[in-house]
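Residues in the sequence shown are numbered consecutively from 1, following the UniProt record's numbering.
Even glycine gets a Cβ: it sits at the ideal position worked out from N, Cα and C.
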Amino acid sequence: MKKEECHNFITTLLEIPSVNNNNNKDKQILLCGTNAYSPECEIRRSSDSFETTSKSISINSYSPYWNTTSLLTKNGEFFYGGPLDLRGIDSSIFKQKEIIPSKSPLASYLDRRIVRSVQYDSNWISADANFVFSFEYNQHVYFLFRETAVEFLNVGKRVYSRIGRVCMDDPGWRESWTTFLKAHTESLYFGTEKEFIRLSVHQCHNYHSKDQCIQSGDPYCGWNEIKMKCIRPPGNNLKDENWIQSDQPTCSPRWSKWFTCSETGLRSSSTNETCKCRKRPCTANSNDQHCFDGYEYEVSNCTRNGE
């Protein structure tokens, strides 16, 4: 362990909802730190005094280098996504009902009851999962994270973006979630001042023939010999024998800079016409009608006799 890692790095700073706060006039916050790989959490006043009112029983990250996320729902339940152990390999989505310990032994035991994803099971959460964000929506809590995709380990390591979801009121069974779902996200998100938009990253429907589909080099698409259409891999199985994809997808060469040209040397017999042209080497994806002497040309802004 390096000396600089032995400080107390703050990893969680959350406002405590009124359901957990006995004194609604004095707002409180949940504050967690690594505490030299011995994590601790405290309840503090959010006033200028920043006074500690009690210790918390919340889970927290051991290391300042881990990507974790935590959330307090409107009902006061604590959710955490990240490793639960010192080695950082027991990655989990975790829920704890209460964050403030009770003085009653029985109540304290009930408060400490947890629900988590199955330990050391990569079909739930991979050990190398990196959590990005968590949020509450309706009756669910969502987690955004990335992890090694176990469904593709036979073709090499692939890291996928995921979104996971659990029901807030899931009581669990043997301390494991009963409502946990996760999915691989293949969408592009962007926001404007007024809305949040999701676009699909695959455009398989744009390729209407087998040649177009295979020569496109689109990593999300392939030609299905049974359905005779360009689609995503059936069941995410990249080795499906009826799904064909280019063995060597390539990008088209870059266009040259625009230059003044005459179509005389291309396809026109007119000598009074000048244009702006640019070119690039022809490839298998090029339109044959635009290829001439090994180059694909793009012609624009043509004028005749200066007009």
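Buried versus exposed, by CB contacts within 10 Å (16 or more), residue i
{"i": "residue 267", "result": "Reliability of the predicted coordinates at residue 267 is poor, the pLDDT of 49 falling under 50, and the value obtained from them is presented with this limitation in mind. Its Cβ having fewer than 16 others within 10 Å, residue 267 is exposed."}
{"i": "residue 91", "result": "buried"}
{"i": "residue 183", "result": "exposed"}
{"i": "residue 223", "result": "buried"}
{"i": "residue 174", "result": "exposed"}
{"i": "residue 193", "result": "exposed"}
{"i": "residue 141", "result": "buried"}
{"i": "residue 28", "result": "buried"}
{"i": "residue 190", "result": "exposed"}
Backbone CA spacing between residue i and residue j [nearest angstrom]
{"i": "residue 218", "j": "residue 207", "result": "10 Å"}
{"i": "residue 197", "j": "residue 185", "result": "14 Å"}
{"i": "residue 16", "j": "residue 235", "result": "43 Å"}
{"i": "residue 161", "j": "residue 232", "result": "17 Å"}
{"i": "residue 132", "j": "residue 172", "result": "24 Å"}
{"i": "residue 88", "j": "residue 33", "result": "16 Å"}
{"i": "residue 310", "j": "residue 12", "result": "There is no way to answer for residue 310, as the model of the chain reaches only from 1 to 307."}
{"i": "residue 168", "j": "residue 220", "result": "34 Å"}
{"i": "residue 216", "j": "residue 243", "result": "15 Å"}
{"i": "residue 61", "j": "residue 78", "result": "14 Å"}
{"i": "residue 187", "j": "residue 48", "result": "44 Å"}
{"i": "residue 143", "j": "residue 260", "result": "55 Å"}
{"i": "residue 50", "j": "residue 101", "result": "20 Å"}
{"i": "residue 199", "j": "residue 3", "result": "46 Å"}
{"i": "residue 134", "j": "residue 298", "result": "48 Å"}
Same chain only: Cβ atoms within 7 Å of residue i, ignoring 5 sequence neighbours per side
{"i": "residue 300", "result": "275, 276"}
{"i": "residue 59", "result": "80, 84, 94, 96"}
{"i": "residue 178", "result": "170, 172"}
{"i": "residue 56", "result": "30, 41, 42, 43, 99, 100"}
Element boundaries [alpha helix (DSSP H), containing residue i]
{"i": "residue 28", "result": "Per DSSP, residue 28 belongs to no alpha helix (DSSP H); it is in the beta strand (DSSP E), 28-33."}
{"i": "residue 213", "result": "210-215"}
Residue nearest to residue i in terms of C-alpha spacing, selected from the options
{"i": "residue 70", "options": "50, 93, 45", "result": "93"}
{"i": "residue 14", "options": "44, 3, 165", "result": "44"}
{"i": "residue 147", "options": "82, 229, 169, 189", "result": "82"}
{"i": "residue 136", "options": "4, 35, 52, 166", "result": "166"}
{"i": "residue 54", "options": "35, 30, 77, 64", "result": "30"}
{"i": "residue 129", "options": "292, 46, 163", "result": "163"}
{"i": "residue 229", "options": "180, 174, 209, 238", "result": "209"}
{"i": "residue 225", "options": "237, 241, 212", "result": "241"}
{"i": "residue 26", "options": "40, 46, 38", "result": "46"}
{"i": "residue 115", "options": "156, 98, 122", "result": "98"}
{"i": "residue 156", "options": "120, 238, 211, 214", "result": "238"}
Contact set for residue i: own chain, Cβ-Cβ below 6 Å, skip 5 residues either direction
{"i": "residue 203", "result": "none"}
{"i": "residue 258", "result": "276, 278"}
{"i": "residue 126", "result": "147, 148"}
{"i": "residue 67", "result": "130, 131"}
N- and C-terminal bounds of the beta strand (DSSP E) containing residue i
{"i": "residue 96", "result": "91-96"}
{"i": "residue 7", "result": "No beta strand (DSSP E) holds residue 7; DSSP gives it neither H nor E."}
{"i": "residue 297", "result": "295-304"}
{"i": "residue 84", "result": "Element bounds for residue 84: n/a, residue is neither H nor E."}
{"i": "residue 164", "result": "159-167"}
{"i": "residue 115", "result": "114-116"}
Proximal residues to residue i (C-beta, below 8 Å), its chain only, five neighbours per side dropped
{"i": "residue 9", "result": "33, 34, 64"}
{"i": "residue 36", "result": "5, 6, 7, 8"}
{"i": "residue 123", "result": "150"}
Closer than 8 Å to chain B by CB, residue i
{"i": "residue 205", "result": "Absent from the structure is chain B; it holds one protein chain and no more."}
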